[in-house]
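Asks:
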Amino acid sequence: MEPIRTLRSRTAVLAVSDIDTDQIIPARFLTTTTREGLGKHLFADWRYGPDGVPRPGFALNRPEAAGCTILVAGDNFGCGSSREHAPWALTDYGFRAVVSTRIADIFRSNALKNGLVPVLIDPATHRWLLEHAGAEVSIDLETTTLTLPTGQAARFPLEPFARFCLMNGVDELGFLLGREAQIAAYEARAGIA
Amino acid sequence: MNAPAHTLFEKAWRAHEVVPETADTPAVLYIDLHLIHEVTSPQAFTVLRQRGLQIRRPQLTFATMDHSTPTRTEQVFGGAPIAIEAAARQVRELESNCAAFGLELLNLRHAQRGIVHIIGPELGLTQPGKTVVCGDSHTSTHGALGALAFGIGTTEVGHVLATQCLLQRKPRTLAINVSGKLPAGVGAKDLILAIIGRIGVAGGTGHAIEYRGDTIRALDMDGRMTVCNMSIEAGARAGMIAPDETTFAYLAGRPHAPRGEAWERAVERWRQLPTDPGAQFDKAIDIDASTLEPMVTYGTNPGMVMPIGGAIPERAGDPVFEKSLAYMGFAPGQPIREHPVNVVFVGSCTNGRLSDLRLAASLLRGRKVAPGVQMLVVPGSQQVKRLAEAEGLHRVFLEAGAEWRESGCSMCLGMNGDLVGKGQYAVSTSNRNFEGRQGIGARTLLASPLTAAACAVRGCVTDPRELM
Ligand code: SF4
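Listed in order, the protein sequences are those of chains A and B. According to my numbering, the stretch in the first sequence is residues 1 to 193, in order. According to my numbering, the stretch in the second sequence is residues 1001 to 1468, in order.
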């Protein structure tokens, strides 16, 4: 995983609350056995018409959304299934951060493992972002702040270990493998052989 | 001095701490049971291969196939191949991964195959106090037996395969106290839908739920599993119920349950698990079950739910709510009863167990599915199918004009060929009414097996109590 310290981008805004993982990537695209290439199916049923033609009104299809790496979504993003295909689709598309007031637990956990920063911000900052699609914002993991073009900065919570992993490009599997001695001791105590 | 009082969750958590959490690092938590299926595992095996890792404890992982598998008998047992090529590839990949890494797999034609959350308890793999994970959010189901069970992503599937452990932050605890007798025609599904309606789809985020109270005690294991199953629909990764005599009676004699003296010792241990008197929860809510009614969803998330006799709420000036109603083709203030229905689905890990099929059959017996309505009854496992057939339930369904299929996730999610058409209304006993969940443009109304059967008979949204 690439280390992430700061992100700076215009925002793409999807002002819909409770965006579930079936919207992020519909189940019919889950028959894949790899994690690559899912970006083209991101928000498929909102992004494309029945004929497969992009819907011009959808936020990600507008020309100004091209190249945005920060997605601002309505309240409670990522509820629903545990499919890691959701963050895979978002990162394959090019997003590096998702901003909302609330992010579902499993989605957040999956996002962190794929270098997608879950940014939980206060309702006032959130409202400002929803009303200013395309605003140039920056996200700093060192200070865990999101800064608006107005100069106003909002802190966001980020679990220290997750932050460490993101900033150093460390993956959890390596960390777990490094706990071999403790795991073996636990198994010996529990009689697992 | 008294020993400190702990919750059920706390006890299960502490017993599995390989390394406790600190301010800087999450806990390393040991996993007793890991269930995998074809959809969320392939990329985890890829990582193992890339990094040259082995599976640490192959005997603690069990594999089944359920999501992308077909349910038509001729496709499962006949010569007819799986119609969707990508699904067939996924199934083959699970087979080769399990063979290569030495994992036990219940393959397509195995007599014990079924939906992952049905077979775990059914085979006695799921046990009180165990940590159970699966790359599937409805792993919360297993909490009905007093296990600490939660869904994980594919990266974490790889972590468990390689280390039998996960890095986890301890969630907060939420007690949901339910008291009072459920009225006739109102069951576990109505109860959990009412709970989600009350706390909302994010009400449990960051929490492990414990369902408590006399109503929960009175539920059979199938009903408890229905309740815990939908914990994730309230945002909670885990939902638990303390083990009791009902739990022990359910587990006794199951293939993977302990036997003889080991059984006695296990029960002794399991009796220590329930929450101690005086233990504190971070949050608690109370629900009166005696006033509940059959519930049905009207929108595009499970929190958009109401008593079946009610009218669709109004939320003027809420564009997301309006968008949801527009998708459903409903108007605020409209009653939902009598609304025509095209498809009825009885099945899924929420309501695909034997008692669910019995409930549906009790309403269908001697009746017919309304003309023009397609009804699909899909048992949650091959064992549920056999038990239902031994009781003759399949004849009730077939004589009513419903289809009787092989087990699998089926119409719960649109990836195995069982689909609801665009714009069609489906009354479904599954757990998610998200846009497109059952097929592109499909409109899902979540309800209990009794309500689903009543809707099938009348061809419109029907209060099951009218037919009881
Ligand atoms: S039945 Fe539905 S919710 Fe349950 S495991 Fe299958 S797809 Fe998931």
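Don't be surprised by glycine CBs; every beta carbon is placed ideally from N, CA and C.
If I'm right that B:Arg1358 touches B:Leu1398 with Cβ under 8 Å, what's the distance once you round it to whole angstroms?
Replies: At roughly 16 Å, the Cβ-Cβ gap does not stay under 8 Å, so B:Arg1358 and B:Leu1398 are not in contact.
Asks: Is the closest heavy atom of the ligand SF4 to the C-beta of B:Asn1301 under 7 Å?
Replies: no
Asks: Please list the segments of the beta strand (DSSP E) lying wholly inside the stretch 41 to 78 of chain A, counting only runs of 3 or more residues, in order along the chain.
Replies: Here the runs fully enclosed are 70 to 73.
Asks: State the Cα-Cα distance for the pair B:His1256 and A:Ile192, rounded to the nearest angstrom.
Replies: 16 Å
Asks: Which of the three DSSP states, helix, strand or coil, is assigned to B:Glu1038?
Replies: coil
Asks: Enumerate in chain order the residues of its own chain whose CB-to-CB distance from A:Ser9 is below 6 Å, with the five nearest sequence positions on each side excluded.
Replies: Cys68, Thr69 and Ile70
Asks: Does B:Gly1114 come out as helix, strand or coil in the three-state DSSP assignment?
Replies: In the three-state DSSP reduction, B:Gly1114 falls in the strand class (E or B).
Asks: Name, going along the chain, the residues of the stretch 1 to 22 of chain A whose beta-carbon falls closer than 9 Å to a beta-carbon of chain B.
Replies: Listed by position, the residues of the stretch 1 to 22 of chain A near chain B (Cβ gap below 9 Å) are Ala15, Val16, Ser17, Asp18, Asp20, Thr21 and Asp22.
Asks: What residue ranges within the stretch 1098 to 1160 of chain B form continuous alpha helix (DSSP H) runs of no fewer than 4 residues, ordered along the chain?
Replies: 1116 to 1122
Asks: Out of curiosity, what's the CA-to-CA distance linking B:Gly1421 and B:Gln1374?
Replies: 11 Å
Asks: Just mark B:His1110 as buried or exposed, buried being the case when its beta carbon has 16 or more other beta carbons within 10 Å.
Replies: Counting of Cβ neighbours within 10 angstroms places B:His1110 among the exposed residues, the total staying below 16.
Asks: Which first and last residues belong to the beta strand (DSSP E) in which B:Thr1064 is found?
Replies: Thr1061 to Thr1064
Asks: Run down chain B in chain order and give the residues with a C-beta less than 7 Å from the C-beta of A:Asn76.
Replies: Val1201 and Ala1202
Asks: If we count the other Cβ atoms within 10 Å of its Cβ and call it buried at 16 or more, is A:Glu131 buried or exposed?
Replies: exposed
Asks: Assuming B:Ile1176 contacts B:Ile1287 (C-beta within less than 8 Å), just tell me the rounded distance between them.
Replies: Indeed they touch by this definition, with Cβ atoms about 6 Å apart.
Asks: Report the residue from B:Arg1443, B:Val1427, B:Val1457 and B:Gly1260 whose alpha carbon sits nearest the alpha carbon of B:Val1396.
Replies: B:Val1457
Asks: Rounded to the nearest angstrom, what separates B:Arg1224 and B:Thr1350 at their Cα positions?
Replies: 10 Å
Asks: Consult DSSP for B:Glu1210 and reduce its assignment to one of helix, strand or coil.
Replies: Correct three-state label for B:Glu1210: strand.
Asks: Need the endpoints of the beta strand (DSSP E) that B:Gln1374 sits in, please.
Replies: Gln1374 to Val1377
Asks: According to the neighbour-count rule (16 or more other Cβ atoms, all chains shown, within 10 Å of its Cβ), is B:Glu1113 buried or exposed?
Replies: Residue identity differs from the one stated: residue 1113 of chain B is Arg in this sequence, not Glu. Buried is the call here.
Asks: Considering only their Cβ atoms, is the gap separating B:Ser1407 from B:Val1377 smaller than 8 Å?
Replies: no
Asks: What span of residues does the alpha helix (DSSP H) with B:Lys1189 cover, start to end?
Replies: For B:Lys1189, the enclosing alpha helix (DSSP H) stretches over residues Ala1188 to Ile1199.
Asks: Are the CB atoms of B:Glu1093 and B:Glu1042 within a distance shorter than 8 Å?
Replies: A small fix is needed here, since residue 1042 of chain B is Pro in this sequence, not Glu. Contact: yes.
Asks: Put B:Gln1334 into one of helix, strand or coil per three-state DSSP.
Replies: Of the three classes helix, strand and coil, the one that applies to B:Gln1334 here is coil, per DSSP.
Asks: Does any CB atom of chain B fall closer than 8 Å to the CB of A:Asn110?
Replies: It does: the Cβ of A:Asn110 has a partner Cβ on chain B nearer than 8 Å.
Asks: Going by alpha carbons, who is nearest to B:Ser1362 out of B:Gly1414, B:Gly1347 and B:Pro1464?
Replies: With distances taken between CA atoms, B:Ser1362 lies nearest to B:Pro1464 out of B:Gly1414, B:Gly1347 and B:Pro1464.
Asks: Strictly below 7 Å CB to CB, what residues from chain B border A:Tyr186?
Replies: Val1018 and Tyr1030
Asks: Taking only the alpha-carbon atoms, compute the straight-line gap between B:Ile1119 and A:Arg55 and give it to the nearest angstrom.
Replies: Taking the straight line joining both Cα atoms gives about 42 Å.
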